[in-house]
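Those protein sequence lines, which keep their order, are chains A and B.
Take the first sequence: its position 242, counted from the start at 1, is 247 in this note's numbering, and no numbers get skipped.
Take the second sequence: its position 19, counted from the start at 1, is 293 in this note's numbering, and no numbers get skipped.
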Amino acid sequence: MPAAPTSHTPPGTRTARAATVGVGVLVLVPALGLAAFALDPPPDPFGGPAPSLLDLLAAPGMGSLVLGTLALGLGVALGAVLVGGLLAYAAERLDFPGRRWLSVLTVLPLALPSYIIASTTSRALSRGGPIGDLLGLQRFGGVLAAVVVLTVATAPYVQLVVRAALSRAGGATEEAARTLGASPWRAFQHGTLPALRPALAYGGLVALLYATSDFGAVAVLDAPVLTWRLFEAVTHQDLARATLFALLLLAVVGPLYIGTRVVRGDSAGPGVANPRAAARRRPGWLLGGAVALAAVLQIGLGLIIPVASQLSWVLDGLHRGLAFAPLVEPVVHSTLAAAVAAVVTAALALGPAWGAGQQRGPWHTASEQVAYLPSAVPGVLVAFGLLLAGLALTRGLGHAEWYAPLLGSGVLLVTGWSLRFVAEAFGPLRASALQVDPRLWQAARVLGGQRGRYLSSVVAPALAPGAGAAALVAFVAVLKELPVTLVLGSATGLRPLPYRIWDRYSEALWHDAGLAGLVLVAVALGAVWSTLKEPSA
Amino acid sequence: MTPPTPLSVHALGHAFGQVGVLDQVSFEVGPGEVVALLGPSGVGKTTLLRAIAGLLTPGAGRVELAGVSVVNDGLEHVPTERRRVGLVFQDYALFPHLSVADNVAFGLQGPSTADRVASLLALTELSPFAGRRPQTLSGGQQQRVALARALATEPAVLLLDEPFANVDPALRLALGEGLRRIVVESGQAALLITHDRDEALGLADRVLVLAPGSKGGTIAQSGLPDAVYSHPVSATVAGLTGPATFLPGLRRDDEVETPLGTWAVDGRCIGGTRVVVRPETLQLIVGGPWTIGRVRSAPPGFLVQVHTAEGPIWVATSRRPTSKKVRLSPLDPVWMVD
C-alpha cells in the first residue's frame, strides 16, 4: 500500500494557527466584558441613578485626574526612555571603570515591585526619613514623585530593549558619519539613533502602559490618577462608575498609544548580519555626569533604598520584639500561583510565537498582533474587563452559580496574569522559533523523517531555551504583580506575597511588610539574575 | 609645487592586549595612485584601515594624511571627523533613513552642495536614484552610493574596506572595473583592502602584501601587480598572490636542478632553495614519465592535473591534452624563493 503523502507545511503550522485564533478570542474577552457593562450599566449599589460618562466628566476634580494620568504616563515614558536609553548607551558604547557592574546593577530594579520602591522611597525621602532629613525635604509624594518612582521601575525595560537594538545596529554607520566630518553627537544622531527609534518607542510604550496601569505606587504616593479611582470603585463594588473610569482611562491612554506607534514608525532599514561591534569611547564630563546621575537614580532609588529600608524595618521589629506573621503561606501561594501562571503564559504564547517565527504574510502579522494586543492596554483594564466578562456571563445567562466558582477557582486570575504577560513571554519564544529554519523540515523530509521525530528531535530542543526563558520572565512578572492580583485574586482565597505586603503596608505594620518584601525581592532578584544570563531572554 | 603625499604610514604597530596585530608597517600612497593591501583574513588589514581613519589609536608608529601628522606613537593629533579620509565600508554603512542624494550630501556644507552631489551622482550613474532610500537599491548600486558619499568630501585618501565582499562573484569584475573607473576619473588616491588576489592584482596600480609575522601583520612585499605575482620574495607571498607549487631545487649558476628536470633560472633571482611553479608557467610535452590526472575546465582553457614524483601539479593549457604520459617544461626561466 502506498504511504500517505506528507504535508508540505511544516509540522505545527495548523496547530499554531488554531492557537493564535484561540488566543485572539481570549484577548477579546475583557473588551467584550467592558463593552457589555458600558452599554448596559448595572444599578447603583446605593439605589441612586446610574451615572453617565458626562456626569463623571463634570464631577469636581475630574480634570486634575485626567491631567494627572496624562502627566504620569508621558512623564514616565519620557523619563524611562531618557534614563534607560542613556544607561543602555553607556553599557554598549562607553568605556569606563565598573561598566559591567553598572550595566547589571541598573537593571536589577526590574525585580522590585513599584509599590515597594514607592513605599520605601516615600519614607526615606520624606521628613523623618534619613535622606529626607538630610536634604530637608518635607514630603515625597504626588504625581511628580510617582513619575520618579515609576521611571526607576520601568527604565530597565527600556535599557534591555535599547541595548539589544544597539548591539544589532553595530557601529559602522556611526563610524561612517565620523569619517564624513560629523561630530560625535551628529554621528550618533544620524548613524545610530534612526536604528534605535523603534526600540526607544517600544520601551516608551511599555513604560507608558506600566505607569497608567499601576495603582500600588500611585496609591502609596497619593498621586491623583484614574487608575487609583478605578480600583477604589471596584473595591466599593461600584461597577458602573468603575466601568466609566475604565473607559476614560482607555480614552486617555489610546491617543498616547497611537502617538508612540507613530513615533516608532517603520524600521529604518534591514539590520546588518553579524555587525561589527562599535568601538567604545571614554565619555566626556557632560555625558559621564549624566550617566552617573542616571545610575545613582536607578541603583539608589531602585535597589539600595528599598533593600536597606526593608532590612531596617525588619531589624526595628526584631529590636522592639514585635511578632512577625508567618510567611510560609504567602510564599507557597506566590510560588505555586506564579509557577502555574508562568506555564500557562508560556503555553499561551507558544502558538503565536511559532506562527510569527515560521510564517510570513498575514499569519505572521496576526500572530504578532495577537500577542502584543493585551499589552496595548493597561493591565488593570484587562483584569477589570475579565471580571466584567464573568459578571456579564451570569447576568446574560442567569446562572449566578457559575460566576462564584469561576472567580473562586482562580481561572480568571490565571487568565488575567497570562493575558497581562503574554507579550513578555512571546519575545524569547519567538526568538527561539526563528532559530528553526523552515528549510529544516524539507531537509528532514528528504532524509525520510517523520513529523513526530522532527518535532521531538528538532523543534522541541530549539524551542526549549525560549520556553524556559518565557516561563521565567512570566514567573518574575507574576510574582510581583499587584493590580490583577488585587482585582481578580480576592475571591480565590489566594494570599500571595504582593497581597501580604500591600495588606501589611496599609495597616502600617512595617516589620511584616519589610520581611515579606525582602523575601519577594530575594526570589525575584534570583530569577532576574538567571534571566539576564539567559541569552534567548 | 609637488602635491603632498596623500597617505604615509611609518612603522605602525598595534596589539590587542598581549596579541600583536600589526608590526612595523610602512608604506605610502601617492597622488592618484590606487594601491591594494592584500592579506589573508585576520592579518590586521581592517585594524590598519581603522588606525588610518582614526577609529582606533595605534600603539606605535605615525600616520600622515596629505603631509599632516594625524597620529604619532599613540598620541592622536587629529580626530576622525577632521582627518579627511573617505571610507567605503564592507557593508557600505549607508544611512537608511536618508535618500541617496542626502547620503552623498551628508559630509558637505555650503551653497555648492547641490552641484557637487549632482556631479557625483552623474559620475556614479546614480542620478535616477537620487530620491530613493538605500535599502531599495541593489548591492552594486548601494556600493556606488557609498563610493559617491566617500568621494564627496574630496578626501586626502579613499579607503576601501573589502568593497566586493558582499557581491556576487559574477558581478565582481564589472563592479571592480566600474569602481576603478570612478576612482581614476576623480583623480583620487585610494587604498583598497582585500583578501582577494584577483581584485588586488586586477584593480591596483601597486600591491602591498601584508603577511603574518611573529609580532603581527607586516608588509612582506610591495610592487607592481605583475612583479609581485611573478617575482614573489617568499613562499608566503607566492601563496597569497596566486596558486603555487614549490619544488625543491639545487641552484647551479643560472640553472636549477629539480626532480622534474634542470631548468633555467630568472637572472634577477638571488638565492632560493625552492622553485615557484604557477599553472601557466609550465607546458606539457607529449611523452614522458608523468601521468595526466583530472582535467578541469577553466575557460578559456583547461587546468590539467599532472601526477609527478613531487605530487600533483596543476598546469594551465589552452587545449585538452591528447596523451596520458607527459613531461613538464617551463615556458620561461623559473623564479626561486627560500
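Every residue, glycine too, gets a C-beta built ideally from N, C-alpha and C.
Taking a C-beta distance under 8 Å as the contact criterion, A:Leu201 and A:Leu165 do not qualify as a contact pair.
Residue pairing by DSSP places B:Arg548 opposite B:Pro522, B:Val611 in a beta bridge. For B:Gly360, the chain A residues whose C-beta falls within less than 9 Å of its own C-beta are Thr184, Leu185, listed in chain order. By the criterion of a C-beta distance shorter than 6 Å, A:Leu244 is surrounded in its chain by Pro47, once the five residues flanking it on both sides are discounted. In the DSSP assignment, A:Pro357 falls within the unbroken alpha helix (DSSP H) covering 333 to 363.
Among the residues facing chain A, B:Gly381 is included, as its CB has a counterpart in that chain under 8 Å away. Excluding the 5 residues flanking it on each side, A:Ala228 has same chain C-beta neighbours closer than 6 Å at Gly147, Val148, Ala151, in chain order. With contacts defined by Cβ atoms closer than 8 Å, A:Ala428 and A:Val481 do not form a contacting pair. Here the alpha carbon of A:Leu323 sits roughly 8 Å from the alpha carbon of A:His516.
Taking the beta carbon of A:Ala177 as reference, the chain B residues within 7 Å of it are Phe363, Asp365, Ala367, listed in sequence order.
Non-local C-beta neighbours of B:Lys489 in its own chain, meaning closer than 6 Å and more than five positions away in sequence, comprise Gly294, Asp297, ordered along the chain. Boundaries of the alpha helix (DSSP H) harbouring A:Asp321: 310 to 324, taken from the DSSP string. In this chain, the beta strand (DSSP E) harbouring B:Lys599 covers 599 to 604. In this structure A:Arg98 touches A:Arg286 by the C-beta definition: roughly 7 Å separates them, less than 8 Å. For B:Leu425, the secondary structure class from DSSP, reduced to helix, strand or coil, is helix. Rounded to the nearest whole angstrom, the C-alpha separation of B:Val359 and A:Ala300 is 37 Å. For A:Val166, there is no enclosing beta strand (DSSP E); the residue is part of the alpha helix (DSSP H) that begins and ends at 147 to 174. DSSP places B:Phe403 within a helical segment (H, G or I) once states are collapsed to three.
Any Cβ of chain B closer than 8 Å to the Cβ of A:Glu429 would place that residue at the interface, and such an atom is absent. Within chain B, the residues Glu355 have their CB atoms less than 7 Å from the CB of A:Ser188, given in chain order. Around the CB of A:Trp290, fewer than 16 other CB atoms lie within 10 Å, so the residue is classed as exposed. Proximity of B:His371 to chain A, defined by a Cβ-Cβ separation below 8 Å, is satisfied.
Residues of the same chain with a CB within less than 7 Å of the CB of A:Pro15, apart from the 5 flanking positions on each side, are Gln363, Pro443, Trp446 in chain order. About 6 Å separates the beta carbon of A:Val167 from that of A:Gly208, a gap short enough to meet the 8 Å contact definition. Counting C-beta pairs with one atom in each stretch, the stretch 349 to 360 of chain A and the stretch 487 to 505 of chain A have fewer than three that are closer than 8 Å, which means they do not touch. For a cut-off of 8 Å, the C-beta gap from B:Val611 to B:Ala512 is around 6 Å, short enough to register as a contact. The three-state secondary structure of A:Ala192, taken from DSSP, is helix. B:Ile456: member of the alpha helix (DSSP H) spanning 443 to 459, first to last residue. Residues of the stretch 283 to 294 of chain B with a C-beta atom less than 8 Å from some C-beta of chain A do not occur. With contacts defined by Cβ atoms closer than 8 Å, A:Leu261 and A:Leu231 do not form a contacting pair. Using a Cβ-Cβ distance cut-off of 8 Å, the stretch 365 to 376 of chain B and the stretch 175 to 192 of chain A are in contact, since at least three pairs of beta carbons, one from each stretch, lie closer than that value. With fewer than 16 other beta carbons inside 10 angstroms of its own, B:Gly561 counts as exposed. Rounded to the nearest whole angstrom, the C-alpha separation of B:Leu397 and B:Thr555 is 40 Å.
A:Gly186 and A:Ser437 have their C-alpha atoms some 41 Å from each other. Residues of the same chain with a CB within less than 7 Å of the CB of B:His581, apart from the 5 flanking positions on each side, are Trp564, Thr565, Gly567 in chain order.
When the five nearest sequence neighbours on each side are left out, the beta carbons in the same chain lying within less than 6 Å of the beta carbon of A:Trp422 are those of Ala346, Val483, Val489, in order along the chain.
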